[in-house]
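Residue numbers (this note's numbering), protein chains in the order written: chain A, 31 to 678; chain B, 363 to 565.
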């Protein structure tokens, strides 16, 4: 199966690669020496695939603790003259926005490519911000592939561009570029320059006001050169020679092109494909506008190209009708339907497509299928215990005292759903403890309980916890430490003890950090011991309320997907649990309150006794504790003993 | 040359990305251009998964619109119904007959009768090929090989678009030892089942 690591020995030929792997391959063919990232969908596979081939190529790849550090590490490499790439999801660039802004002032010595993978339609994100705007804001050029296939070559070009301009450059991908598998033509791999020399120059690299004022003028001059240079970007091109001009940016090009085929409209339309979207190539656009009757700009999300085109039209005093968001709309990703509708209206033509067999799926037969915590997930027993503790507290003193559950970014956000309902907020990485600082002060009846994963804690959870200690803000912080960054596909982090390149390293413990920064009540539990977990949670909540100070509970247990993989790799089977139908009374605690996906009622509504699906059970064994009638037991107790050690 | 539009759908964890990836590789071996737009991240945790697969001489757009599917390959019956919006009357549908229920308290009260679901489809789509893929996979010795059964069935319909020998070879390389053998058996059983269904429908 062609994956990036299977192509490192190839300098020609073709392979089916994921868009993100194509970007990684483009970086390799450009001679990248350093790649850094914090994982985040849809960007993760860029640096993940580079990490797999780093040793073969002699390059350095790291999972950084957050996007700001990833950016800074790569920036320093580029300042030393080593080609560097940093990749992040769109919201990750917010975390790295501080060095991003200033990097345009210092510039770089060698190619520095910032890959932002945006997520129109929010397939796996909290918002759908358009990071092309960062380019306008920071004076950093932005390039976008018009098809997933183009991603590799464009990446190579953006490295060359950045190198030539001695200026950082943004490569913007979107979900449909990053996560589409396409045929890629492979090219030769040069030997990367892996060590360089930092040209000491305080006037350029020390941004005190006196230096920054000078650099601001140089930046504007450099921006003029960049504006000239994008005229020659070979990824911008014109197709067709009609007088109705369509300008398509990024992936919208792929849709616009097929739409024009489907509408059979090439005789009347001309398509200007733009890959240099910030700044747009002024002369190229002017030339295209010069004999056009009217123009439609088709792009996803914000009118970034449209605003620039309109500004050219205004500056040049052109009398031309400009359409864009009025026909295309703002939210969500581009689709064939959207492109067709907008282009057909612009060209004033009708079209017909085969009708779908139904406007929507039959409601009586199609139930919702939201994502859920996996069987064996260590978050489930913690959530189960926390819900029980909180329900008991609610019964004692009323629902209005139920804590505010400040959630965060990770698989554990699924605790939002019934039966746990343990997420009242989820805003951004580290936002759980951050918001808890405010709720601790301003919510009259409720204490905040912040729920955050290990990777997210290291990423952005430590400063707000210091704030809580310093400002004496009472809160319970639960760190769900599964020793891996799970949601994005199991990248190692400081809790794992391994680096991106597979080297052993120090394991950092959230409880050590909590104690070091002055938290006085710190507990560590194995969440699969439910009775103990409930006891500790109750004690910690009492502490927060009585002492009016922060407490931390670290809930440590390995991600079940990782544990199961290790067990199978060791040549062992996972134990399976079974329900004794004689003992089971069909109370439903295991499938309704504990909600393990592997357990379901036998034959509802007639027979509500539980049954465990052997296809799904991974043998975590917590249901054995949860069952009030002792009806659940392992099929093979020996196997339970043999595999116990793999879950730590 | 027209572009072939395929929906590959099912439940996260059933090996849908693998299925689409193997088909893409087999299409490349035939000299075709191909694009497979995947679902990653949050939705992979036991949620609905859809992959848009497009094969042709030249493919630009990664996805297609409602009513545009030429072929639907589904490893779970409720997901087949959920994606009916991509089907038109002429779409060919290969679907597993198994229903997988999510672990949401209360959803247990909703029961889906597979024969009713298939009947609903047949009233709207001319060519529906229901295959008990999960049972066949279990029978072949690997309950995780449901995707291979559907893949085998699909290979019969895709002879003009993919290199069938290459696909078989790729299937035999998924997993090792007993797992690989079971996968190949599942793939072949899917092919047999599909041939049988096609003969049935032509008589």
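Think of the CB as a built atom: it goes at the ideal place given N, C-alpha and C, for glycine as much as any other residue.
Asked, Found
"Should residue 67 of chain A and residue 76 of chain A be called a contact, given that it needs their Cβ atoms to be closer than 9 Å?", "yes"
"Between B:509, B:425 and B:374, which has its C-alpha nearest residue 459 of chain B's C-alpha?", "B:509"
"Between residue 487 of chain B and chain A, is there a C-beta pair that is closer than 9 Å?", "yes"
"Does any residue of chain B bring its CB to less than 9 Å from the CB of residue 385 of chain A?", "yes"
"With a cut-off of 9 Å, does the C-beta of residue 395 of chain B fall near any C-beta of chain A?", "yes"
"Answer with yes or no whether the minimum CB distance from residue 117 of chain A to chain B is below 9 Å.", "no"
"Let's test the definition: count the other Cβ atoms within 10 Å of the Cβ of residue 534 of chain B and tell me whether it reaches 16, buried, or not, exposed.", "exposed"
"Am I right that residue 197 of chain A and residue 137 of chain A are in contact with their C-beta atoms under 8 Å? What's the rounded C-beta distance?", "5 Å"
"Taking its Cβ as the centre, do 16 or more other Cβ atoms sit within 10 Å of residue 467 of chain A, making it buried, or is it exposed?", "buried"
"Are there 16 or more other CB atoms within 10 angstroms of the CB of residue 440 of chain A, so buried, or fewer, so exposed?", "buried"
"With 9 Å set as the bound, which would you pick, yes or no: does the beta-carbon of residue 182 of chain A sit closer than that to a beta-carbon of chain B?", "no"
"Report yes or no: is there a C-beta of chain B within less than 9 Å of the C-beta of residue 31 of chain A?", "Model confidence at residue 31 of chain A stands at a pLDDT of 41, short of 50, so the residue's coordinates are unreliable; what they give is reported in the following sentence. Output row for residue 31 of chain A: interface = yes."
"Name the chain B residues whose beta carbon is nearer than 9 Å to that of residue 212 of chain A?", "386, 395, 396, 397, 398, 421 and 424"
"Compare the C-beta of residue 371 of chain B against all C-beta atoms of chain A and say whether one is closer than 9 Å.", "no"
"Could you give the DSSP three-state label for residue 271 of chain A: helix, strand or coil?", "coil"
"DSSP on residue 426 of chain B, reduced to helix/strand/coil?", "coil"
"Roughly how many angstroms lie between the CA atoms of residue 385 of chain A and residue 276 of chain A, to the nearest whole one?", "27 Å"
"For a test of the three-state rule: what should DSSP assign to residue 435 of chain A, helix, strand or coil?", "strand"
"Would you verify that the beta carbon of residue 93 of chain A is, or is not, closer than 9 Å to some beta carbon of chain B?", "no"
"If you follow the beta strand (DSSP E) that residue 303 of chain A is part of, which residue opens it and which one closes it?", "299 to 304"
"How long is the line joining the alpha carbons of residue 140 of chain A and residue 603 of chain A, rounded to whole angstroms?", "51 Å"
"Pick from A:331, A:84, A:255 and A:44: whose alpha carbon is nearest that of residue 163 of chain A?", "A:331"
"Which runs of the alpha helix (DSSP H) fall wholly inside the stretch 277 to 340 of chain A and span at least 4 residues, in chain order?", "282 to 293 and 312 to 320"
"How would you write the range of the alpha helix (DSSP H) that residue 599 of chain A sits in, first residue to last?", "590 to 599"
"Since residue 502 of chain B sits in a beta bridge, which residues does DSSP pair it with?", "Its beta-bridge partners do not exist; DSSP assigns none."
"Give me the DSSP bridge partner(s) of residue 371 of chain B.", "B:412 and B:436"
"I'd like to confirm the pairing. Which residues does DSSP put opposite residue 492 of chain B in its beta bridges?", "B:457"
"In terms of alpha-carbon separation, which member of A:262, A:405 and A:495 lies closest to residue 592 of chain A?", "A:405"
"Counting only beta-carbon separations shorter than 9 Å, does residue 209 of chain A have a partner in chain B?", "yes"
"If the cut is a Cβ gap below 7 Å, which residues of chain B does residue 177 of chain A touch?", "422"
"Taking Cβ-Cβ distances shorter than 8 Å, what residues in chain B pair up with residue 367 of chain A?", "427 and 428"
"Could you round the C-beta distance between residue 521 of chain A and residue 69 of chain A to whole angstroms and report it? I think they count as a contact, below 8 Å.", "5 Å"
"Assign residue 461 of chain B to buried or exposed, taking buried as 16 or more other Cβ atoms, counted over all protein chains shown, within 10 Å of its Cβ.", "buried"
"Anything in chain B within Cβ reach of residue 397 of chain A, meaning under 9 Å, just list it in chain order.", "440, 463, 464, 466, 469, 472 and 474"
"Assuming residue 213 of chain A contacts residue 185 of chain A under a Cβ cut-off of 8 Å, what Cβ separation, rounded to an integer in Å, is found between them?", "Contact flag wrong, Cβ pair sits at about 16 Å."
"Just to confirm, are residue 652 of chain A and residue 529 of chain A a CB contact at a threshold of 9 Å?", "no"
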